[in-house]
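The structure appears below as structure tokens.
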Amino acid sequence: MSYIRINRLPTDRDVEKAFGLEIHSFTEAFNMYSVAPFVAEVGFKSSYDDNGQLWERYHLGGWALNKDAAADWFTFVDEYK
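Per our numbering, numbering of the sequence shown is gapless, rising by one per residue and ending at 1341.
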């Protein structure tokens, strides 16, 4: 199982830059799938596109988050302890 952990409270710009989402959309989805303060469960999907390129994404509700997305305010983790 995979999780997204919030390392610090993000700004509107942080969320839009990382995921192309408005902060209220991200916050609603995060809260819906939260399992602990600052931690939410995400799904993981991968497949190949029409050109044979592998794509890997985390899913937070209806939002697809690129596996390679990175910022100082969040971390994707495979285990939550």
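Just so it is clear, CB atoms sit at the ideal spot from N, CA and C, and this is done for glycine as well.
With contacts defined as CB atoms closer than 8 Å, residue 1293 and residue 1301 qualify as a contacting pair.
Apart from sequence neighbours up to five positions away, the residues of its chain that approach residue 1299 with a beta-carbon distance below 7 Å are 1263, 1265 and 1340, ordered along the chain.
In the DSSP assignment, residue 1267 falls outside any beta strand (DSSP E) and carries neither an H nor an E. Rounded to whole angstroms, the Cβ separation of residue 1320 and residue 1290 is 7 Å, and the two are in contact under 8 Å. By the criterion of at least three beta-carbon pairs nearer than 8 Å, the stretch 1271 to 1291 is not in contact with the stretch 1309 to 1316.
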